[in-house]
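2 protein chains.
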Amino acid sequence: MSLIVQKFGGSSVADAERIRNVARLAMAEQERGNSVVVVVSAMGKTTDRLLALVDEISAHPDSREIDMLLSTGEQQTIALLAMAIHSANGKAISFTGPQVGITTDNSHRKAKIVSINTEKMVRELEAGKVVIVAGFQGMTGDNEITTLGRGGSDTTAVALAAALKADRCDIYTDVKGVYTADPRIVKEARMLKSITYDEMLELASLGSKVLHSRSVEFGKNYNVPIQVRSSFEDVPGTMVIKETEEMEDIVVSGVAYNRGEAKVSIMGVPDKPGIAADVFGRVGEANIVVDMIIQNVGADGRNDISFTVSKDDLQDALELAEKIAKDLGAEKVRSDAEIAKVSVVGVGMKSHAGVAATMFRALAKNNINIEMISTSEIKVSCVIRESDVDRAVQAIHDEFELREGL
Amino acid sequence: MSLIVQKFGGSSVADAERIRNVARLAMAEQERGNSVVVVVSAMGKTTDRLLALVDEISAHPDSREIDMLLSTGEQQTIALLAMAIHSANGKAISFTGPQVGITTDNSHRKAKIVSINTEKMVRELEAGKVVIVAGFQGMTGDNEITTLGRGGSDTTAVALAAALKADRCDIYTDVKGVYTADPRIVKEARMLKSITYDEMLELASLGSKVLHSRSVEFGKNYNVPIQVRSSFEDVPGTMVIKETEEMEDIVVSGVAYNRGEAKVSIMGVPDKPGIAADVFGRVGEANIVVDMIIQNVGADGRNDISFTVSKDDLQDALELAEKIAKDLGAEKVRSDAEIAKVSVVGVGMKSHAGVAATMFRALAKNNINIEMISTSEIKVSCVIRESDVDRAVQAIHDEFELREGL
C-alpha cells in the first residue's frame, strides 16, 4: 500500500461538477489500495474576487489581514470536497492548515513552512479516510494565520508528502505534463516522461507555470517524487525526480521562454572599480530582483551596464536607474520592454560541450539577433526581440531534435 | 473608560461601503474614550450562497463540514473590517472565534459556548486596538471548528461582553430599537427606552426578530446590559436590562404577534387519565416543539385536544397526529394554518390584575374571535384568525394606551 498526496488547483475545483470530479479521482486512488491525502486551492476566481473587495476598502492592506481573508478560500473548498466524497459514499475528513499543524514562520503572504505535525493525518488515514487539507495556509507558533504566497498549494502538497514520507506527490493541472516546449508554439513538442528537480527549477524560474519553484525545491530537498499530470485525462504525466545516470545522456530536456522581463541600460558610466557593486547593491536594496547583467567596457573609458528585471518592476527600476546615473555621472538611461528570453535546459549539459553553440546556430540560421546571453550549469538563455519568440523556440526545438528519442 | 462590545449583522456589512460605515461606528466609540470589541456576521447573502453550493454537492451534508464551510463567511468580514479601520488610520486587529479561545461543546451547527479566554483580547485592547471577532463560531477542545446556530453572532457578542465584563453590548440592527408594537402595523408605536431580559425573551420567542433568545438568556444570566440600536442612525436605542422596581409600574411593555404557527386538533379522544401525557410525549419524541395546548372535555366523555406548532413542523405534526389518533381510537384530526398569535408582554403583570381581561375586551370590541389562550407570569397570548392580526395588534396597542408615556 502506497501513500499518495494529490494536489488540485483552483481551476480543477472551480464549481460543483469539478469538485465531484476531484472526489472521483481521490476515491479511485483509494480503490487502487492507496492511502490518499488531497490538497486543494481556492475555487476558481475566489481569491481574485476577495482581492477586488480589498481594493474597494484599502490601498495598503495589512498583510496579516490579507492572510486572514484569503485563507478562507481554501477552507471552503476542503469542506465542499469532503461533502462530495461523503455524497459518493466515501470516507473523508477536511482540515485547515492550522488544524494539521502546518507551522510557518511569521512572514505574512510569503510564509515558509517550519514544521508539520502528521499525527492527526496518520490517524485519519488509518481509519480509511481521504484526508483533505487546505493548501496555501499555515499558522505561526503564536496562532496567527499565514499564507505561503504564489504557488503555495503546490508547496503544501510537496511538504505534506515529505512529512508523511509519501510515495508520490501528484500535481494535477490542466496540462498532461511537462513538454519539451510550449505545445501552443511547437506543435510536435513531446511530453517528457521524467525530468530532474534541477531542470524543473530552471524551467519554473524561466516562466514555465506548471510548478512553482518553491515546491520543486522542497521536493528536491526531501527527495519527494512529484508527478505533473492532467485533472481531466487519466494518463501518466511527467515525473520530477532526482538525477539518474541515464539522464545525463539527454543533453537538452526542453526549450523555455519568458516574455515577462524588460531591459534597463545605464549608458556611459565612468569606468571605476566598484561601479557594478554600487549599482546592483542599490537595486537589491530596493527589492528589485535582477535576472541577467551585461557590462560593456567602451573605448573611451566609459561603460554601458544593462540588466533585465520583471516587467512589473520596470517602472521602479527605471526611476532608480535615473538616480543612480545622476549620482555616477553616467550619460543616460534607456529601457526596452519589447524583449523576451529563450532558454534550453538539460542536466546533460554538465558533461556535453557545444550546447550553447548549437543554440546560437539555430538562432543565427533564422536571422534572430541575440542581445544578451546568460548561462548556468544546466541552462543557456538568450535575450532576443519579443516578436521573434515563436520562431526562436521552434528553431531551437528543431536544432536539438527534441521531437525524437527518450 | 468603558468597554463596549458592538455587534453588526450581515446586512450591516453587506458591501465595502457598509463595512466602512461599521469602521466609523467602532472608531467613534473609541474616540469617546471607550475600549471597543466588534463582533460581525458574514457579509449579506454569503451564507446563503455557500449553502446553495452545498445543495449542488450533497443532499445530506455532514454537520462538521458545514461548520468548516460556513465559518469562513465571518472570517472574511473581520479581515475586511480591520482593513477598513486601518485605512481610516485607526488601530484594529481581527480574530477568528478559535483564535480568541471561544471554546464550545461538540454539537456542530448548534454548539454552545463553554468558555472564553480573554487574555489575547485584553492585551490588544490595552494596546489601543479595536478588537474584531468573528461571530457565530468557536472551536471544541479537540480543535474542531463549530458554529453556534441561528442568532449565533448575537450570542458571541453577549458572551464576549460577559467574559470581558463589558459595560454594554450594543446590537446594531436595521431598526432603531424595540417598539411597543410593529411600527409597520401600528404607526404610533413607540420605541422603548428599556425592557427587561424576561420581556425580551418573551418577545423573541413570540417571533420578534430583533434579538435571538439565546443571546438574551446569556445577557440575563451574566447581567450584561444589551442595547438594541440602529446601524444607520446615531441615536440611543433600547436597553435590555434586569428588572428594576420602577419597571413594575409599567403593566404592558409591548404587543407582539407571530404568524409562524399552525394548529393541529385531535378530535373525539376517549377521556382516560394519561391521554395528554401520551400524546405530547410522542410529539416531543419526534422533536416537534409545541407552543400552546388546549384540551376540551366534551359531554360524551370524549376530548378534543388542540395544540400549535411552527408552520415548518406542520406536515410532520399532522402525520404523527394521524397515527396517535388511530392508536387512541380518536375520531379525526384537523389542522389549521390560517392562525396567528397576538400577545401582550410586561413584567408589571406580576403585580397588576386585569391585564388579560383588558386584552380580551380590546379584541371583543373589534369582533375578533379568540380561539386559544395561553398565559405566563409576564405574558398573555391569544390565537386568532391570521387575517385579523393587524386589527388586533392596533386594538390592543390602543386599549393599553401604549403610545403615551413610559
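First to last, the protein sequences are chains P and E. Mapping to this note's numbering: the first sequence position 17 is 17, numbers consecutive. Positions in the second sequence are counted from 1; adding 1000 to them yields this note's numbering. Note that CB positions come from ideal geometry on N, CA and C, so glycine has one too.
Note to self: Within 9 Å of any Cβ in chain P, is that where the Cβ of residue 1058 of chain E sits?
What the structure shows: With 9 Å as the cut-off, residue 1058 of chain E counts as an interface residue toward chain P.
Next item on the list: Note down, in chain order, each residue of its chain lying with its Cβ closer than 7 Å to the Cβ of residue 222 of chain P, except the 5 sequence neighbours on either side.
Entry: Setting aside the 5 residues that flank it on each side, residue 222 of chain P is surrounded in the same chain by 162, each with a C-beta closer than 7 Å to its C-beta; the list follows chain order.
Checklist line | According to DSSP, residues forming a beta bridge with residue 1263 of chain E | finding: Within the DSSP secondary-structure output, residue 1263 of chain E pairs in a beta bridge with E:1308 and E:1336.
Next item on the list: Could you check what DSSP says for residue 379 of chain P in three-state terms: helix, strand or coil?
Entry: Here residue 379 of chain P sits in strand by DSSP.
Check: Does the beta-carbon distance from residue 1043 of chain E to residue 1080 of chain E come in below 9 Å?
Finding: With respect to the 9 Å criterion, residue 1043 of chain E and residue 1080 of chain E are classified as neighbours on the basis of their beta carbons.
Check: Using the beta-carbon of each residue, which ones in chain E are nearer than 9 Å to residue 87 of chain P?
Finding: Around residue 87 of chain P, the beta-carbon contacts reaching into chain E at under 9 Å are 1057, 1058, 1059, 1060 and 1061.
Notebook entry, point to check: Start and end of the alpha helix (DSSP H) containing residue 1218 of chain E?
Noted result: Run containing residue 1218 of chain E: 1213-1222, per the alpha helix (DSSP H) assignment.
Margin query: Could you check whether the Cβ of residue 35 of chain P sits closer than 8 Å to any heavy atom belonging to the ligand MG?
Written below: Ligands are entirely absent from the displayed structure, and the ligand MG is therefore not among its contents.
Checklist line | For residue 53 of chain P and residue 70 of chain P, believed in contact at Cβ under 8 Å, the rounded distance | finding: With a Cβ gap of about 11 Å, residue 70 of chain P and residue 53 of chain P do not count as contacting.
Margin query: Does the CB of residue 1157 of chain E have a neighbour CB from chain A at under 9 Å?
Written below: Chain labels in this structure do not include chain A; the protein chains are P and E.
Notebook entry, point to check: What are the start and end residues of each continuous alpha helix (DSSP H) run of 4 or more residues lying completely inside the stretch 1039-1126 of chain E, in chain order?
Noted result: Here the runs fully enclosed are 1046-1057, 1063-1087 and 1119-1126.
Next item on the list: Could you tell me the distance, in whole angstroms, from the CA atom of residue 1003 of chain E to the CA atom of residue 141 of chain P?
Entry: For residue 1003 of chain E and residue 141 of chain P, the gap between their C-alpha atoms comes out near 29 Å.
Check: From what residue to what residue does the alpha helix (DSSP H) around residue 1283 of chain E run?
Finding: Looking at the DSSP string, the run of the alpha helix (DSSP H) that includes residue 1283 of chain E is 1275-1285.
Notebook entry, point to check: Cβ of residue 291 of chain P within 9 Å of Cβ of residue 261 of chain P?
Noted result: Result yes, Cβ atoms of residue 291 of chain P and residue 261 of chain P sit closer than 9 Å.
Checklist line | Burial state of residue 1406 of chain E (16 or more Cβ within 10 Å) | finding: In this prediction, residue 1406 of chain E has a pLDDT of 42, which is less than 50 and means its spatial position is unreliable; what the coordinates show is noted afterwards. Residue environment analysis places residue 1406 of chain E among the exposed positions, since fewer than 16 neighbouring C-beta atoms fall within 10 angstroms of its C-beta.
Checklist line | is_contact[residue 1119 of chain E, chain P] using C-beta, thresh 9 Å | finding: Taking a beta-carbon distance threshold of 9 Å, residue 1119 of chain E does not count as an interface residue toward chain P.
Notebook entry, point to check: Among P:20, P:307, P:105 and P:344, which residue has its Cα nearest to the Cα of residue 335 of chain P?
Noted result: Nearest to residue 335 of chain P by alpha-carbon distance, out of P:20, P:307, P:105 and P:344, is P:307.
Next item on the list: May I ask which residues mark the beginning and end of the beta strand (DSSP E) holding residue 1184 of chain E?
Entry: Here residue 1184 of chain E belongs to no beta strand (DSSP E), and DSSP marks it neither H nor E.
Checklist line | Start-to-end residues for the beta strand (DSSP E) that takes in residue 9 of chain P | finding: Segment: none, residue 9 of chain P is in no beta strand (DSSP E) and carries neither H nor E.
Item checked: Contacts that residue 1345 of chain E makes with chain P (C-beta to C-beta distance below 9 Å) -> Going along chain P, no residue has its Cβ under 9 Å from residue 1345 of chain E, so there is no contact; the nearest lies around 41 Å.
Notebook entry, point to check: What distance in whole Å lies between the Cβ atoms of residue 1177 of chain E and residue 1039 of chain E, which are believed to be in contact at a cut-off of 8 Å?
Noted result: At roughly 19 Å, the Cβ-Cβ gap does not stay under 8 Å, so residue 1039 of chain E and residue 1177 of chain E are not in contact.
Notebook entry, point to check: Hey, is the stretch 1328-1344 of chain E in contact with the stretch 1384-1400 of chain E, meaning 3+ C-beta pairs nearer than 8 Å?
Noted result: Cβ pair count under 8 Å is three or more, so yes.
Checklist line | Proximity of residue 1102 of chain E and residue 1133 of chain E at Cβ, strictly below 9 Å | finding: The answer is yes: Cβ separation under 9 Å.
Notebook entry, point to check: Between which two residues does the alpha helix (DSSP H) harbouring residue 172 of chain P extend?
Noted result: In this chain, residue 172 of chain P is not harboured by any alpha helix (DSSP H); it is covered by the beta strand (DSSP E) spanning 168-173.
Check: Using CA coordinates, which residue listed in E:1390, E:1159, E:1358 and E:1354 is at the minimum distance from residue 1097 of chain E?
Finding: Ranking E:1390, E:1159, E:1358 and E:1354 by Cα distance to residue 1097 of chain E puts E:1159 first.
Check: If you draw a straight line from the alpha carbon of residue 61 of chain P to that of residue 1150 of chain E, how long is it in whole angstroms?
Finding: One C-alpha to the other measures close to 32 Å.
Check: How would you list, in chain order, the residues of chain P whose beta-carbon sits under 7 Å from the beta-carbon of residue 1269 of chain E?
Finding: Result: empty, since nearest Cβ-Cβ is about 44 Å, beyond 7 Å.
Checklist line | Residue-chain proximity (residue 1372 of chain E, chain P), Cβ-Cβ < 9 Å | finding: Chain P, which has no Cβ nearer than 9 Å to the Cβ of residue 1372 of chain E, makes this no.
Check: CA-CA distance, residue 1119 of chain E and residue 1239 of chain E?
Finding: Going from the Cα of residue 1119 of chain E to the Cα of residue 1239 of chain E covers about 28 Å.
Item checked: Span of the alpha helix (DSSP H) around residue 1179 of chain E -> Element bounds for residue 1179 of chain E: n/a, residue is neither H nor E.
Margin query: According to DSSP, simplified to helix, strand and coil, what is residue 1370 of chain E?
Written below: In the structure shown, residue 1370 of chain E falls within a coil segment according to DSSP collapsed to helix, strand and coil.
Note to self: Here's the rule: buried if 16 or more other CB atoms are within 10 angstroms of the residue's CB, otherwise exposed. What is residue 255 of chain P?
What the structure shows: Note on residue 255 of chain P: 16 or more other CB atoms within 10 angstroms of its CB, so buried under the neighbour-count rule.
Notebook entry, point to check: Using a Cβ-Cβ distance under 9 Å, would residue 1073 of chain E count as near chain P?
Noted result: Answer yes: the Cβ-Cβ gap between residue 1073 of chain E and chain P drops below 9 Å somewhere.
Next item on the list: Report the residue from P:351, P:17 and P:298 whose alpha carbon sits nearest the alpha carbon of residue 249 of chain P.
Entry: Of the candidates P:351, P:17 and P:298, the one whose C-alpha sits nearest the C-alpha of residue 249 of chain P is P:351.
Note to self: If the cut-off is 9 Å on Cβ atoms, which residues from the stretch 1082-1106 of chain E count as contacting chain P, listed in chain order?
What the structure shows: Here the close residues are 1082, 1083, 1084, 1086, 1087, 1092, 1093, 1094, 1095, 1096, 1098 and 1099.
Notebook entry, point to check: Which residues of chain P have a Cβ atom closer than 8 Å to the Cβ of residue 1054 of chain E, listed in chain order?
Noted result: The contacting residues are 80 and 83.
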